[in-house]
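Scroll down for the structure; my scribbles are underneath it.
Residue numbers (UniProt numbering): 1 to 448.
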């Protein structure tokens, strides 16, 4: 902590993701609002935890990734980065908190320091008679969903290797999140309003009345910001999800194209919309080293296409083509687009509000089938803390359990009713697409 306080100012600016997050946190703080900012990753382990071994691997993880070596302060509205000169100064120490209730544990996790503090992360274990639960609470400032892979490998697997007396795991040299930030800012400095990607972003915003896409059903709030609540539903079991993916492939699409098609069909059914519009996040990691680097490396792809009376196969192919053709737009931060478009009458000044649909398959990069198996066997889970959000967010996860949906929406009865209608219709659209191929899977099962 003392070394962090003495860390000098760096010329490397925060990434656009980090800068937006820090400004949003400060705005929430000034309004005395909580912010949904923590990624809480948990899994279960057998036996009794060895605190020395666990402390060793957690310390190694923090030293390995340079995103943890930075902290930020605000000076006259500008975000300034400080960097620890020597990663070896980071040394975690275990602290025993004694017996706790569930409420005590929740308070401890939610008290993870704010993103302007260097130590905006917490790691710990809950020891029980028959095993223990590991947890990591990391501010979004330093991580995106791919942190699951890093924690499973660099903490879970490394911890087991230490206990078994094996040598250090050969993890491969990670990339630098500082380099990611610097490269992003360098590209941004060379980007102009005339660049094709910026032009396509502005056209997308123009088609949505100068803003991000709006959710199809009533939310009961006129403001962009609201206290969020969450719903979690298992949409498709594993065998049915396999059939759904086969239906997507038969249409010339991948799962993301099929899921976007189902969302479009849902909006057509519930709201009569003839055009579907949404943003979907994707990783902006582009190299093998980048895929070994934890940090916030996510951009969003703008999606919109006509729905009309088209069928699932037609929409799945259209959505997939839309996604693939616009994937490069994720490398242009929406905050940069709005900076460049300031003053244009067709574009609003902020990117808040709207709706986001995210899909992540834990069986493929940046995770893997191996990590997915480990995650499933360890009963792994990811949580986020409740707080103010600025959009309707829908997260779809493909695991060995199948397909699940988690959604965040305004905490009021109107939005709750709308989201429950939406989730039911979306699940129905996914099942209907899968049903066409389910008999084939049943036949294969009988042959085996």
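The C-beta atom is built at its ideal place from N, Cα and C for all residues, glycine as well.
Comparing alpha-carbon positions, which option in the options lies nearest residue i?
{"i": "residue 61", "options": "76, 152 and 240", "result": "152"}
{"i": "residue 382", "options": "368, 199 and 145", "result": "145"}
{"i": "residue 326", "options": "173, 204, 66 and 160", "result": "204"}
{"i": "residue 292", "options": "180, 53 and 186", "result": "180"}
{"i": "residue 40", "options": "111, 198 and 215", "result": "111"}
{"i": "residue 420", "options": "355, 233 and 106", "result": "233"}
{"i": "residue 394", "options": "387, 388, 406 and 384", "result": "406"}
{"i": "residue 353", "options": "185, 228, 94 and 130", "result": "228"}
{"i": "residue 198", "options": "339, 185 and 171", "result": "339"}
{"i": "residue 242", "options": "258, 43 and 7", "result": "258"}
{"i": "residue 362", "options": "255, 296 and 123", "result": "255"}
{"i": "residue 238", "options": "276, 399, 278 and 158", "result": "399"}
{"i": "residue 159", "options": "63, 51 and 178", "result": "51"}
{"i": "residue 48", "options": "290, 102 and 163", "result": "163"}
{"i": "residue 102", "options": "126, 298 and 269", "result": "126"}
{"i": "residue 139", "options": "105, 384, 315 and 6", "result": "384"}
{"i": "residue 438", "options": "240, 277, 219 and 413", "result": "240"}
{"i": "residue 189", "options": "6, 131 and 332", "result": "332"}
{"i": "residue 75", "options": "176, 272, 26 and 401", "result": "26"}
{"i": "residue 128", "options": "119, 99 and 104", "result": "99"}
{"i": "residue 184", "options": "12, 274 and 148", "result": "12"}
{"i": "residue 272", "options": "303, 309, 287 and 279", "result": "309"}
{"i": "residue 341", "options": "289, 38 and 200", "result": "200"}
Taking the C-alpha atoms as reference points, what is the distance between residue i and residue j?
{"i": "residue 142", "j": "residue 16", "result": "13 Å"}
{"i": "residue 429", "j": "residue 403", "result": "13 Å"}
{"i": "residue 397", "j": "residue 115", "result": "26 Å"}
{"i": "residue 345", "j": "residue 192", "result": "18 Å"}
{"i": "residue 18", "j": "residue 436", "result": "44 Å"}
{"i": "residue 68", "j": "residue 58", "result": "12 Å"}
{"i": "residue 167", "j": "residue 9", "result": "37 Å"}
{"i": "residue 161", "j": "residue 375", "result": "17 Å"}
{"i": "residue 411", "j": "residue 207", "result": "29 Å"}
{"i": "residue 371", "j": "residue 378", "result": "10 Å"}
{"i": "residue 337", "j": "residue 427", "result": "34 Å"}
{"i": "residue 246", "j": "residue 263", "result": "18 Å"}
{"i": "residue 222", "j": "residue 215", "result": "12 Å"}
{"i": "residue 348", "j": "residue 210", "result": "5 Å"}
{"i": "residue 432", "j": "residue 34", "result": "39 Å"}
{"i": "residue 95", "j": "residue 150", "result": "23 Å"}
{"i": "residue 172", "j": "residue 133", "result": "27 Å"}
{"i": "residue 63", "j": "residue 121", "result": "13 Å"}
{"i": "residue 422", "j": "residue 117", "result": "39 Å"}
{"i": "residue 446", "j": "residue 248", "result": "Note on residue 446: pLDDT 37, under 50, position unreliable in the model; the coordinate value appears next. Rounded to whole angstroms, residue 446 to residue 248 spans 24 Å at the Cα level."}
{"i": "residue 45", "j": "residue 343", "result": "55 Å"}
{"i": "residue 350", "j": "residue 21", "result": "14 Å"}
{"i": "residue 312", "j": "residue 230", "result": "28 Å"}
{"i": "residue 213", "j": "residue 425", "result": "20 Å"}
{"i": "residue 305", "j": "residue 32", "result": "40 Å"}
{"i": "residue 194", "j": "residue 328", "result": "16 Å"}
{"i": "residue 409", "j": "residue 261", "result": "21 Å"}
{"i": "residue 106", "j": "residue 97", "result": "13 Å"}
{"i": "residue 418", "j": "residue 269", "result": "13 Å"}
{"i": "residue 124", "j": "residue 108", "result": "10 Å"}
{"i": "residue 136", "j": "residue 104", "result": "16 Å"}
Would residue i and residue j be called neighbours here (beta carbons separated by less than 8 Å)?
{"i": "residue 330", "j": "residue 301", "result": "yes"}
{"i": "residue 55", "j": "residue 1", "result": "no"}
{"i": "residue 451", "j": "residue 14", "result": "Lying outside 1 to 448, the shown extent of the chain, residue 451 is not represented and no answer is given."}
{"i": "residue 358", "j": "residue 281", "result": "yes"}
{"i": "residue 355", "j": "residue 392", "result": "yes"}
{"i": "residue 36", "j": "residue 389", "result": "yes"}
{"i": "residue 317", "j": "residue 251", "result": "yes"}
{"i": "residue 71", "j": "residue 156", "result": "no"}
{"i": "residue 299", "j": "residue 284", "result": "yes"}
{"i": "residue 217", "j": "residue 265", "result": "no"}
{"i": "residue 66", "j": "residue 236", "result": "no"}
{"i": "residue 253", "j": "residue 320", "result": "yes"}
{"i": "residue 85", "j": "residue 7", "result": "yes"}
Across which residues does DSSP place residue i in a beta bridge pair?
{"i": "residue 43", "result": "134"}
{"i": "residue 426", "result": "DSSP lists no partner for residue 426."}
{"i": "residue 358", "result": "395"}
{"i": "residue 302", "result": "279"}
{"i": "residue 180", "result": "Answer is none; residue 180 lacks a bridge partner."}
{"i": "residue 196", "result": "According to DSSP, which records beta bridges pairwise, residue 196 is partnered with nothing at all."}
{"i": "residue 388", "result": "35 and 227"}
{"i": "residue 409", "result": "229"}
{"i": "residue 382", "result": "41"}
{"i": "residue 71", "result": "82"}
{"i": "residue 403", "result": "236 and 398"}
{"i": "residue 10", "result": "81"}
Whole runs of the beta strand (DSSP E) within the segment 198-240, excluding any shorter than 3 residues: Taking only runs of at least 3 residues, the beta strand (DSSP E) segments lying wholly in the segment 198-240 are 226-237.
Within the segment 77-163, ranges of the beta strand (DSSP E) (whole runs, at least 3 residues): For the segment 77-163, whole beta strand (DSSP E) runs of length 3 or above, ordered along the chain, are 78-83, 121-128 and 131-139.
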